[in-house]
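Here's the structure, in structure tokens; my notes come after.
Residue numbers (the working numbering): 69 to 484.
This is the structure:
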């Protein structure tokens, strides 16, 4: 009821709806506190559903969505307590995926990966289920990103979002950073493997639904998608985009930072051999995300024709953060930026999800680092455009894995 009343406030503007929403929210908090005291009830599906609805209220109101006071610790605890058995039932599996997505959104917005993989359930079960593996890959990306950004904050003047602890300093040793870079390239290969393997799983598990395709093929427009598959494509492309941009940020910072932390000439050559690949994949990823949006929001049906009932609020809640990524991405073209902003405006004004507001226009998430990173990447793109002829003459590595062989000294002048 709290969510419904706030949605009514967004649509009709009556303060009465908002006040009633807050009253229901307070009652819900009290009911949750009482329920948590009853043995066995804390892990009930209804409790998880209630917390997810409370998170949804933050999205709809736009007040504190993704902030450090959100329900991440409690949601993390409940998923851990429910254990792997929670995905046996259809409802349990759906709740797990939605809650896991919520935790990952929190982890990204706050650069805090403590809550992104409760009980390592996704990592464990991802070996058997591609959908859960996709969630596990997001957790993996967030961990890799945070390791690299902590290194950059210590050595290249990037402002850290969290205080530096002795544990985080241990992540900044030369061997650790080299290992992290290798894991980033391995993760990119795993994303490609997921694309290749998803088709067989879809055909076996989702009869009649169009299967996901390889990176860049989605946006070719040869295939139409049902709403669920379109949402999954957007979700699996989003961590890929985050990883690619973080790797490009690391490359740029190690070329321009303090002299003692810059890449060696050999390392720079190794990076130059793959930067064009990374940038090309960024653009393909953005294309795939934007192409999938009309299917996700119900504008187009699975046969590619205009649908009679667009404006899918549930899908909008799932994909809104992904569209925000595109709207602020340094590599988005003017046309892509316009499309992304148009989608966000629609989600905000028509569907009524206020968290679609721009991160600079009233969104309350701690995302200033991400915006600053994109500004740096824009300056790097501008500088690189002056050296395209030089780049075109460099050796091109055939795959990501070839770029991570032992004879390449990544960034710190050491051989693994």
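Cβ atoms here follow ideal geometry from the backbone N, Cα and C, with glycine treated the same way.
Around the C-beta of residue 340, are 16 or more other C-beta atoms found within 10 angstroms, so that it is buried, or is it exposed?
buried
Work out the CA separation of residue 163 and residue 113 for me, nearest whole Å.
8 Å
Quickly, what does DSSP pair residue 198 with across the bridge? List them, please.
Answer by DSSP bridge pairing: none, since residue 198 is not bridged.
Going by the DSSP bridge assignment, what does residue 374 pair with across the sheet?
368
Residue 408 versus residue 261: straight-line alpha-carbon distance, rounded:
28 Å
I'd like to know whether the C-beta atoms of residue 167 and residue 147 end up nearer to each other than 8 Å.
yes
Nearest neighbour of residue 288, chosen from 361, 355 and 395 [CA to CA]
355
Here's a check: name, in chain order, each residue in its chain whose Cβ is nearer than 7 Å to the Cβ of residue 198, leaving out the five neighbours to either side.
262, 265, 266 and 269
Proximity of residue 346 and residue 393 at Cβ, strictly below 8 Å:
no
Classify residue 139 as helix, strand or coil using the three-state DSSP reduction.
coil
Return the residue from the list 121, 444 and 177 that minimises the CA-CA distance to residue 315.
444
Start and end of the alpha helix (DSSP H) containing residue 451?
436–453
Suppose the cutoff is 7 Å on Cβ atoms and the five residues either side in sequence are ignored; what does the same chain contact list for residue 144 look like?
171, 183 and 186
State the start and end residues of the unbroken alpha helix (DSSP H) segment that holds residue 290.
Careful: residue 290 lies outside any alpha helix (DSSP H) and carries neither H nor E.
State the Cα-Cα distance for the pair residue 156 and residue 422, rounded to the nearest angstrom.
34 Å
Under 8 Å, with one C-beta from each stretch per pair, do the stretch 304–311 and the stretch 195–212 reach the 3-pair mark?
yes
Spatial neighbours of residue 192 within its chain, please: CB distance less than 8 Å, with the 5 preceding and 5 following residues excluded, ordered by chain position.
152
Is DSSP giving residue 204 helix, strand or coil here?
helix
Mind reading off the beta-carbon distance from residue 390 to residue 419? Whole number of angstroms is fine, and I expect it under 8 Å.
That pair is no contact at about 15 Å.
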